[in-house]
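Reading through the structure tokens given below for one structure.
Numbering (the working numbering), first residue to last: 469 to 951.
Okay, structure coming up:
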């Protein structure tokens, strides 16, 4: 993916210079290569959610890797504010894209072997780069995913307005745009949709597990060692025991109890819903509940498109990729959140319900999200209510449990808080729990806090000479203090 995207970007730079020589470039003295790069820098800066990116280290590394620009955290923050905070930024296409569109409409643009316009090729680079940028982070926030979706949707709408988004035999002259496509066969109209879906599987978050990871005893031990989640662990063990007995009765030709495998995971962010789903997919494979045992993790953006008919195709493709395993839909309530009649989330729900029925012996679906919103989601549709009747509730962690999670994260990354630091961390998380608001993110708060502490430790010891292994590992109270 890395080399492919870099090559596509270089090809795009080259084409930009060509159309500039043809008279379609800027008249300001800046080269098309510089303009494309600058537009992409603004796009990546726009995607960053500062609340979920306290250090900006991974973002800076990504930008340097792909675009050759190096920012300090402070300069990247200033660049983001100066270049993307104006509301008009997200409402207007990149300048370089407007020049690509003009070149395509002139008839001088050579389409690619797949028949896409050069404007569509530039759009594809934005999509791929945005996906790579977000996936390079440990965990993208909802704001970053929303920014990515809305910005690329704006670009797509702009290109479609000129009939340059779908693959074709050649550029459509500007004077003929109004009449373009009137006599096309319906099968031709789906070409763009199918081509978009061709690469979709590669963009899904699919977890496949090796044989070494599929030891039932080890997995149950891993479940037991999860911090907190006592009720969750009890519910999962009860369900697994029931399924094991069901399997035994099946093998002996006895009647089997009816068991719904589809579940609702409800709770606040960072309470372990995704972690348990991943673990459950391995356990299900071990006891032959699902034949493949893989896990496909998606959210609304993987299921919903912005045009009639496309959502059903996209949802079907996602479900088919999960057959034989588990489909995990995070923030599933967003599929039924639209109230204005213009939302396509309901189309995704209707398609999902039909496919669940058609594949009831070969698919497990877990939907997850905030407790109250998930209740509204399930009750919004009789089909959802009949299929999702198993609820597992994930409580918020206590201060002591957050401390245990913190120590576990430190151990995995080979960091050791000193005694004063440990006392501070205990008080810190007890205070966070006592004063938490609706945005409290549980274990995610712990991870972000540790990252900030590691950053402070790095700033403290980077100037020291002859740094020992102990100094590299130790987190002092000053490293852990939040100012």
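Even glycine gets a Cβ: it sits at the ideal position worked out from N, Cα and C. Please read these numbers as outputs of a predicted model, since none were measured by experiment.
Can you find the residues in the same chain that come closer than 8 Å, C-beta to C-beta, to residue 755, ignoring five residues on each side of it along the sequence? Walking along the chain shown from the start, residue 755 turns up at place 287. Same-chain partners within the cutoff: 684, 708, 711, 712, 715.
Of all the CB atoms in chain C, is at least one closer than 8 Å to the CB of residue 857? Considering every chain present, this structure includes no chain C. It has just one protein chain.
Which of the three DSSP states is assigned to residue 805 in this structure? On the chain shown, residue 805 is found 337 positions in, with the first residue counted as 1. DSSP places residue 805 in coil when its eight states are reduced to three.
My guess is that residue 762 and residue 675 are in contact by the Cβ rule of under 8 Å, so how many angstroms apart are they, rounded? For the purposes of this step, residue 762 is identified with residue 294 of the chain shown, where counting begins at 1. For the purposes of this step, residue 675 is identified with residue 207 of the chain shown, where counting begins at 1. So it is a contact: roughly 6 Å between Cβ atoms.
For the pair the segment 519-533 and the segment 486-493, tell me if three or more CB-CB distances fall below 8 Å. Touching, no.
Any idea if residue 752 is buried or exposed, counting beta-carbon neighbours within 10 angstroms, 16 or more meaning buried? Your numbering for residue 752 matches position 284 in the chain shown. When all chains shown are included, residue 752 counts as buried.
Going by DSSP, name the residue or residues bridged to residue 942. Stepping through the chain shown from its first residue, residue 942 is reached at position 474. Bridge partners of residue 942: 884.
Residues in the same chain with beta-carbon distance under 6 Å from residue 779, minus the five sequence neighbours each way, listed in chain order, please. Taking the first residue of the chain shown as 1, we reach residue 779 at position 311. The beta carbon of residue 779 is closer than 6 Å to those of 772, 773, 812, 815, 816 in its chain, skipping five residues each way along the sequence.
Residue 513 and residue 552 look like a contact to me (Cβ under 8 Å); what is the Cβ gap, rounded to whole Å? Reading the chain shown from its first residue, position 45 is the one you call residue 513. Reading the chain shown from its first residue, position 84 is the one you call residue 552. Right, the Cβ-Cβ distance comes to about 5 Å (below 8 Å), so this counts as a contact.
For the alpha helix (DSSP H) containing residue 789, list its first residue and its last residue. The sequence position of residue 789 within the chain shown is 321, counting from 1. Judged by DSSP secondary structure, residue 789 falls within the alpha helix (DSSP H) whose first and last residues are 778-790.
Ignore the nearest five residues each way along the sequence and tell me which others in residue 659's own chain have a CB closer than 7 Å to its CB. On the chain shown, residue 659 is found 191 positions in, with the first residue counted as 1. Confidence at residue 659 is low in this model, with a pLDDT of 39, below 50, so its placement is unreliable and no value can be given for it.
Can you list, in chain order, the residues of its chain whose CB lies under 7 Å from that of residue 505, leaving out five sequence neighbours each side? Position 37 of the chain shown, counting from 1, holds the residue named residue 505. Excluding sequence neighbours, residue 505 sits near 535.
Please report the distance separating the alpha-carbon of residue 703 from that of residue 745. To locate residue 703, count along the chain shown from 1; it is residue 235. To locate residue 745, count along the chain shown from 1; it is residue 277. Answer to the nearest angstrom: the Cα atoms are 13 Å apart.
Three-way DSSP call (helix, strand, coil) for residue 905 in this model: Taking the chain shown and counting its residues from 1, the one referred to as residue 905 is at position 437. Per DSSP, reduced to three states, the secondary structure at residue 905 is coil, with no helix or strand assignment.
Count the other C-beta atoms from every protein chain shown that fall within 10 angstroms of the C-beta of residue 529, then say buried if there are 16 or more, exposed otherwise. Taking the chain shown and counting its residues from 1, the one referred to as residue 529 is at position 61. Residue 529 is exposed by the Cβ-count criterion.
Under the DSSP definition of a beta bridge, which residues are partnered with residue 862? As a working mapping, residue 862 is identified with position 394 in the chain shown. DSSP output for residue 862 lists 735 as bridge partner(s).
When burial is assigned at 16 or more other CB atoms within 10 Å of the CB, is residue 888 buried or exposed? Residue numbering aside, residue 888 sits at position 420 when the chain shown is read from its first letter. Its Cβ having fewer than 16 others within 10 Å, residue 888 is exposed.
N- and C-terminal bounds of the beta strand (DSSP E) containing residue 800: Counted from its first residue, the chain shown places residue 800 at position 332. Neither: residue 800 is in no beta strand (DSSP E) and is coded neither H nor E.
Buried versus exposed, by CB contacts within 10 Å (16 or more), residue 926: As a position in the chain shown, residue 926 is number 458, starting the count at 1. It counts as exposed.
Kindly indicate which residue of 896, 825, 841 has the alpha-carbon position closest to the one of residue 854. If you number the chain shown from 1, residue 854 lands on position 386. Checked all of 896, 825, 841; the closest Cα to residue 854 is 825.
Using only the alpha-carbon positions, how far apart do residue 642 and residue 620 sit? By 1-based counting over the chain shown, the position of residue 642 is 174. By 1-based counting over the chain shown, the position of residue 620 is 152. Any reading at residue 642 must be qualified, since the residue scores a pLDDT of 38, below 50, and its modelled position is unreliable; the value itself is stated next. Cα to Cα, the separation comes out at about 23 Å.
Have a look at residue 650 and residue 494 and give me their C-alpha separation to the nearest angstrom. By one-based count along the chain shown, residue 650 stands at place 182. By one-based count along the chain shown, residue 494 stands at place 26. With a pLDDT of 33 at residue 650, under the threshold of 50, the predicted position of this residue should be treated as unreliable, and no value is reported.
Helix, strand or coil, according to DSSP, for residue 837 in the structure here? For the purposes of this step, residue 837 is identified with residue 369 of the chain shown, where counting begins at 1. Residue 837 sits in a strand when the DSSP states are folded into three classes.
Segment contact, 8 Å Cβ cut-off, at least three pairs: the segment 843-859 with the segment 790-806: These segments touch.
Closest by CA to residue 941, which one among 877, 858, 800? Stepping through the chain shown from its first residue, residue 941 is reached at position 473. Selected option, being the one with the closest Cα: 877.
Between 549, 490, 589, which has its C-alpha nearest residue 478's C-alpha? Sequence index remark: in the chain shown, residue 478 carries index 10 (1-based). Checked all of 549, 490, 589; the closest Cα to residue 478 is 589.
Using a 10 Å radius around the Cβ and a threshold of 16 neighbouring Cβ atoms, would you call residue 947 buried or exposed? For the purposes of this step, residue 947 is taken as residue 479 along the chain shown, with counting starting at 1. Per the 10 Å Cβ criterion, buried.
Please classify residue 798 as buried or exposed, where buried requires at least 16 other C-beta atoms within 10 Å of its C-beta. On the chain shown, position 330 is the one that residue 798 refers to. Buried, by the Cβ-count rule.
Buried or exposed (CB count within 10 angstroms, at least 16 for buried), residue 549: Here the question's residue 549 lines up with position 81 in the chain shown. Exposed, since its Cβ has fewer than 16 Cβ neighbours within 10 Å.
Between the beta-carbon of residue 604 and the beta-carbon of residue 558, is there less than 8 Å? Translated into the one-based positions of the chain shown, residue 604 becomes position 136. Translated into the one-based positions of the chain shown, residue 558 becomes position 90. Not a contact, by the Cβ cut-off of 8 Å.
If you reduce the DSSP assignment to three classes, tell me which class residue 474 lands in. Here residue 474 corresponds to residue number 6 of the chain shown, with the count starting at 1. Residue 474: helix per DSSP, three-state reduction.
Whole-number beta carbon distance between residue 883 and residue 943, since they are thought to touch under 8 Å: Reading the chain shown from its first residue, position 475 is the one you call residue 943. Reading the chain shown from its first residue, position 415 is the one you call residue 883. By a beta-carbon distance limit of 8 Å, residue 943 contacts residue 883. Their separation comes to about 5 Å.
Taking the DSSP output, what are the residues bridged to residue 763? One-based indexing of the chain shown puts residue 763 at position 295. DSSP links residue 763 through a beta bridge to 675, 794.
Sequence-distant residues of its chain with Cβ nearer than 7 Å to residue 737 (five each side left out): As a first step, residue 737 is located in the chain shown; it is residue number 269 there, counting from the start. Excluding sequence neighbours, residue 737 sits near 909, 910, 912.
Alpha helix (DSSP H) runs wholly inside the segment 699-757, at least 4 long, in chain order: Runs found: 741-754.
Is the Cβ-Cβ distance between residue 831 and residue 795 less than 8 Å? Locating residue 831 in the chain shown gives position 363, where the first residue counts as 1. Locating residue 795 in the chain shown gives position 327, where the first residue counts as 1. Taking 8 Å as the cut-off, the Cβ atoms of residue 831 and residue 795 count as close.
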